[in-house]
Amino acid sequence: MGIAIFHILVFPGLLFLTIFGFVAEYFDRKLCARLQNRIGPPWFQPIADFIKLLGKEEIMPREADVIVLKLIPLFALVACVTAILYIPIWGQQAIFSFNGDIIVVLYLLTIPTLAYFLGGWYSRSVYSMIGAVRTLTQLFAYEVPLFMCILASALLADTWSISEMVTFYNHHLGYWFCNLLGFAIAIVCLLGKLEKVPFDIPEAETEIVAGSFTEFGGKLLALLRMTFNIELVVVASLLAAVFLPFGLNFHPAIIFILYLIQVFSIIAVITFLRSLFARLRLDQMIAFCWKYLAPAAFAQVLINLILKGILPR
Amino acid sequence: MTEEEKIKQELEEKFGCLKDKVVIKRERRIFADVPIEKFDEIFAFTVKQMHFDAISAITGMDSGDLFTVMYHLNKEGRIVLNLTISVNKNNPSIKSVIPYFASADIYEREITDLLGIQVEGLPAGNRYPLPDGWPTNEHPLRKDWKASQSKKEVRNALL
Amino acid sequence: MINPGKIAGLLLHSLFKKPATIDYPAQPSGMPKGFRGKLKFNAKLCIGCKLCMRDCPSDAIIIRKVGEKKFEAEIDMAKCIYCAQCVDSCPKKALESTPEFELAHLDRMKLKVVFSADTGDDTTEKT
Amino acid sequence: MRYSKDVKIPIGPQHPALKEPESFLISLRGEKITAASVRLGYNHRGIEKACEERTYIQDLYLIERICGICSHSHSTCFVQAVEEIAGIEIPARARYVRTLIGELERIHSHLLWLGVAGHEIGFDTLLMYTWRDREIVMDILASTTGNRVNYGINTIGGVRRDINPQQNQQILEAVGILEDRTKYYISLATSESTLINRLSGVGLLSMEDAKQLGAVGPVARASGIARDVRKDDPYAAYADLDFKVITDSHCDVYGRTLVRMGELMQSYSIIRQIIQKIPGGPITVKSPRKIPVGEAVSRYEAPRGEDMHYVRANGTEKPDRVKVRAPTLANIQAVSKMLEDRYLADLPIVIAAIDPCFSCTDRTIAVNMSDGNKNTLTWQSLRLQSLQWYRDRGVDFTELNKKVMERFSTK
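Residue numbers (the working numbering), protein chains in the order written: chain G, 3 to 315; chain S, 10 to 168; chain F, 28 to 154; chain W, 23 to 433.
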């Protein structure tokens with residue numbers, strides 16, 4: 003019982019993720035600043051923001067549903083943290099793994115987006131309602147290609163469990179290259195899920211103030227920003243596990259180091275893409291996703307099906 | 010015979026009342042005092058026949074005993090013709106020029122707010138430039154309106 | 028003609044270049060020599076004609092007679108807009124502007140700088 | 023709730039997209055804007071009334087502070103009107119220096135606009151780079167005129183500072199660097215696909231609409247109307263400089279971007295001509311304090327469009343009437359037309375595309391509320407008044423005020 007508490011609360015659980023979230027946010031903001039020829043924030047900036055926000059006053063709009071608003075950040079946070087338990091970090095075996103845990107992880111990672119929608123809709127302010135509706139419309143656009151790519155790589159590994167996928171790809175290193183297209187599509191879809199610039203339409207700062215988070219303040223906003231960081235880390239580690247299985251069978255500590263490198267490189271790619279583009283309009287984003295991303299993801303699934311037949315087991 | 014002189018001559022021929030009222034201050038600047046009763050006719054003539062196709066601004070002034078309203082028209086951005094009309098102070102009212110220029114709408118709202126000149130034909134709309142709380146009979150650009158003697162509501166409106 | 032990531036080259040290039048911004052409070056950032064900053068008053072040259080008081084757009088300068096041919100200037104830094112019109116209007120060149128611009132102060136009273144007649148230097152201390 | 027009736031959302035007066043206070047009431051169906059109405063006047067400080075209570079020299083600095091970005095346009099326009107009434111003929115060198123500072127201001131204003139446009143469409147990297155390059159021209163302005171923003175280079179009868187050869191050299195170097203930076207931005211704007219997607223087809227204003235609604239400056243020129251006050255009604259030294267009036271036929275925000283960038287390139291060539299042709303001689307002429315009776319209309323091509331000043335003098339030291347019509351006031355009429363059946367996401371970039379400067383537009387009324395004769399509200403009486411205002415509304419700050427007062431008085 004004690005070890006489970008340790009896993010949930012400390013190592014791959016809350017404490018590790020929070021610290022990793024802050025470090026990831028710092029790395030993201032610093033790299034983005036350096037790309038834009040600026041100095042960028044000091045290392046303690048994310049923590050300073052968090053503490054400052056904790057001190058601020060929470061203002062609840064009159065018609066808003068107070069209980070829902072208070073629970074939304076927790077709801078999203080819990081979903082993200084539980085998802086990490088199924089992703090192998092320490093060694094090639096995740097803490098809990100069963101056949102079909104990749105589907106569970108994918109659904110767990112959709113819960114935060116639903117939480118943002120509910121948060122926006124229940125704060126009853128005009129801006130957040132529009133933001134909330136945008137979050138959902140955007141969800142339909144990037145969700146399908148993202149799922150298709152990840153499941154394509156699972157198809158090739160002929161298993162539904164992440165840990166078995168990792169071991170499969172470690173033994174057949176050559177197969178890793180067939181998922182490259184899927185990896186690229188997943189990264190682009192990640193920009194939509196994490197609401198990074200080309201697709202940060204729900205949180206479009208210059209149009210609808212802060213989208214569905216307009217009415218969140220004080221502790222709630224602090225918790226929400228922490229959830230963003232943790233979501234960034236969890237999703238990056240999911241992609242690292244599924245598409246970059248360089249673990250082999252070293253000592254678990256070395257695998258952990260490799261895992262950190264993989265996650266930071268994925269975050270670096272996301273930051274680079276984030277400072278590269280202007281924000282697209284909602285209709286352009288949906289058109290882009292359905293015209294280019296979905297067919298490419300479908301092609302990836304086809305390739306994997308064919309390869310599965312040809313390649314030796 | 011520069012273009013300005015041609016315009017001046019054409020105006021004076023068409024309207025007897027403008028006989029020596031049209032003055033060319035310098036190149037590309039013509040000033041003309043227009044009697045208020047003939048204003049519509051002259052305005053229509055300058056805009057339609059003489060192709061003064063843009064209105065830059067409408068200036069309202071409090072010149073002691075009466076208000077003067079000056080219409081700044083320009084022709085292809087070059088020559089500026091300034092038509093000036095005087096309005097007596099007790100019930101100042103002029104006709105709107107929105108039928109000719111849609112953009113005159115905001116300039117006329119400014120005159121009504123700041124000088125209290127009523128403009129017939131001005132559609133209802135947001136006040137400009139004074140805040141909504143500002144009392145309707147206070148017109149700051151009038152010479153007799155001093156910031157200090159304004160009543161309490163004006164101060165509250167500003168606070 | 029359509030290539031989405033056109034700015035990528037610039038981004039990578041500036042990744043390894045020195046950032047264009049500086050840590051302002053830590054690293055000093057000065058203004059060029061001719062900058063119109065805080066005013067300096069030279070009591071000896073002043074003849075008390077008060078031309079500068081007349082031309083000042085925000086009534087920020089007051090010249091007071093403290094003795095025979097001795098004048099003291101009180102400049103309210105909070106009101107002053109640093110246009111240096113007084114520097115131009117002064118016939119005796121008793122006023123000049125210095126490039127100093129870090130004049131923030133906690134106490135508004137401290138911003139009233141008095142240039143005393145004899146010593147001529149101002150009586151404010153740095154924050 | 024049936025979704026038939028439109029959602030009315032207020033944009034402004036405080037809103038991240040709008041750098042200055044103005045408010046639009048937008049009625050939305052889904053993402054489409056069905057109607058937009060504009061309310062201005064939030065930034066109104068009573069400058070026109072205040073001008074009547076100050077002398078011409080003091081007015082110069084008040085008029086210059088109408089707007090932070092185009093301060094030189096307003097002060098030059100005002101000074102030209104006053105000099106025309108007084109019949110002062112300013113020396114040639116002063117005219118050239120005024121034109122030089124005017125063009126430097128156009129460069130820094132257009133670069134600033136490019137960055138803000140990038141920020142409006144979520145392209146923050148463009149903001150960071152354009153504003154970094156803008157620092158080059160701001161340093162030049164600071165070293166030549168003594169200040170980064172309110173230059174104060176104009177005085178009645180000429181200019182207050184001369185440009186020495188060493189500064190000429192600095193200006194030429196800066197213009198060289200800025201020129202190929204602008205070339206890079208032009209190539210970026212014409213080929214970066216996300217930028218083009220967000221800009222083209224947005225904020226359409228046909229040529230007839232532009233003429234009818236009285237659009238001026240880059241907004242009109244992007245709809246094909248070749249009107250530029252520097253060419254049509256030359257002032258300062260523009261008569262003997264040759265430059266092209268940049269027009270474009272896109273009639274949308276993309277066209278306005280190209281027009282502004284074309285104007286940047288023209289400004290660089292104008293500055294080079296000025297540095298080459300600038301004559302020697304004095305930079306200012308003695309001017310009377312009392313301006314004789316008269317009136318004048320002066321026009322200036324500000325970065326945002328045609329800026330018009332009307333000054334009437336009554337022989338005393340103080341002007342009888344000063345009327346300022348800023349370019350944004352003319353362009354604002356066109357915004358509601360441009361917003362029709364656009365997406366909500368396009369609203370910030372459409373508003374930003376006319377490069378609104380609302381501090382120019384609302385020139386303000388009573389600056390200081392004085393009781394009795396002409397003195398300003400002292401700091402203490404303002405504090406007491408605000409305490410009273412809050413007490414009327416049932417919130418009592420008197421104890422807090424006592425604590426603050428003690429802390430201040432003890433020091």
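All residues carry an ideal CB built from backbone N, CA and C; glycine is no exception. Nothing here was measured: the structure is a model prediction, and the numbers come from that model.
Check your understanding: Got a sec, what are the start and stop residues for the alpha helix (DSSP H) MET167(G) sits in?
Key -> 164-173
Review point. Going along the chain, which unbroken runs of the beta strand (DSSP E) with 3 or more residues stay wholly within the stretch 112-154 of chain S?
Key: 127-129
Exercise for review: Verify whether the separation of the beta carbon atoms of LEU66(F) and LEU138(F) is less than 7 Å.
Suggested key: no
Check your understanding: So, does the CB of VAL128(G) fall closer than 7 Å to a CB anywhere in chain W?
Key -> yes
Exercise for review: Tell me whether LYS34(S) sits in a helix, a strand or coil according to DSSP, three-state version.
Suggested key: strand
Check your understanding: Using the beta-carbon of each residue, which ones in chain F are nearer than 8 Å to PHE279(G)?
Key -> PRO31 and GLY32
Exercise for review: Note down, in chain order, each residue of its chain lying with its Cβ closer than 6 Å to the Cβ of GLY125(S), except the 5 sequence neighbours on either side.
Suggested key: HIS148
Review point. Whose C-alpha, out of LEU72(F), HIS40(F) and SER56(F), is nearest the C-alpha of GLU129(F)?
Key: SER56(F)
Review point. What number of angstroms, rounded off, separates the C-alpha of MET283(W) from the C-alpha of PRO114(G)?
Key: 43 Å
Review point. Is LEU280(G) near PHE265(W), with beta carbons less than 7 Å apart?
Key: At residue 280(G) the sequence reads Ala, which differs from the Leu that was named. Cβ atoms of ALA280(G) and PHE265(W): not closer than 7 Å.
Practice item. Give me the Cβ distance between ARG249(W) and GLY86(S), rounded to the nearest whole Å; I'm assuming they're in contact under 8 Å. Key: 4 Å
Practice item. Could you check what DSSP says for MET62(G) in three-state terms: helix, strand or coil? Key: coil
Exercise for review: Please confirm whether ARG117(W) and PRO301(W) have their CB atoms less than 7 Å apart.
Suggested key: no
Review point. If you follow the beta strand (DSSP E) that ILE91(W) is part of, which residue opens it and which one closes it?
Key: Careful: ILE91(W) lies outside any beta strand (DSSP E) and carries neither H nor E.
Practice item. Could you confirm whether any beta carbon from chain W is found closer than 7 Å to the beta carbon of PRO84(F)? Key: yes
Point to revise | LEU11(G) classed as buried or exposed, judged by whether at least 16 other C-beta atoms fall within 10 angstroms | key: exposed
Check your understanding: According to DSSP, what are the bridge partners of ASN176(W)?
Key -> VAL181(W)
Point to revise | Neighbourhood of THR204(W) by C-beta, 7 Å cutoff - its chain only, sequence neighbours within 5 removed | key: MET283, LEU286 and MET287
Point to revise | Contiguous beta strand (DSSP E) assignments of at least 3 residues, all confined to the stretch 328-374 of chain W | key: 341-347
Check your understanding: So, is PHE230(G) buried or exposed, given that buried needs 16 or more other C-beta atoms within 10 angstroms?
Key -> buried
Exercise for review: Return helix, strand or coil for VAL141(F), following the three-state DSSP convention.
Suggested key: strand
Practice item. Anything in the stretch 139-157 of chain W with a Cβ closer than 9 Å to a Cβ of chain G? List those residues in chain order, please. Key: GLY140, HIS141, GLU142, ILE143, GLY144, PHE145, ASP146, THR147, LEU148, LEU149, MET150, TYR151 and ARG154
**Study point:** MET70(S) - containing beta strand (DSSP E), residue span
**Key:** 63-72
Exercise for review: Take ILE257(G) as the anchor and find which of ILE91(G), GLU233(G) and PHE98(G) has the nearest alpha-carbon.
Suggested key: ILE91(G)
Exercise for review: Could you work out which residues of chain G lie near LEU226(W), taking near to mean beta carbons separated by less than 7 Å?
Suggested key: Within chain G, no residue comes near LEU226(W); the closest Cβ sits about 16 Å away, beyond 7 Å.
Check your understanding: Who are the Cβ neighbours of GLY75(F) in its own chain at under 7 Å, not counting the five residues just before and after it?
Key -> ILE90, LYS92 and PHE98
**Study point:** Whole alpha helix (DSSP H) elements within the stretch 258-313 of chain G, 4-residue minimum
**Key:** 284-290 and 296-312
Review point. Thinking C-beta only, is VAL281(W) closer than 7 Å to ILE293(W)?
Key: no
Check your understanding: What does a CB cutoff of less than 6 Å around VAL303(G) pick up in its chain, not counting 5 residues either side in sequence?
Key -> MET150 and ALA154
Check your understanding: The beta strand (DSSP E) with PRO48(G) in it runs from where to where?
Key -> Counting along the chain, PRO48(G) falls outside any beta strand (DSSP E), though it belongs to the alpha helix (DSSP H) covering 47-57.
Practice item. For the alpha helix (DSSP H) holding GLY122(G), just list the boundary residues, first then last. Key: 103-124
Review point. For the beta strand (DSSP E) that contains ARG249(W), what are its first and last residues?
Key: Run containing ARG249(W): none; DSSP gives neither H nor E here.
Check your understanding: By the 10 Å Cβ neighbour count, where 16 or more other Cβ atoms means buried, how is THR338(W) classified, buried or exposed?
Key -> exposed
**Study point:** Segment limits, beta strand (DSSP E) that includes LEU222(G)
**Key:** Not the beta strand (DSSP E): LEU222(G) falls in the alpha helix (DSSP H), residues 220-245.
**Study point:** Nonlocal neighbours in the same chain, by C-beta distance under 6 Å from PHE185(G), ignoring five residues either side
**Key:** PHE245
Point to revise | Residue range of the beta strand (DSSP E) that includes SER169(S) | key: This structure does not reach residue 169(S), given that chain S is present from 10 up to 168, and the question cannot be answered.
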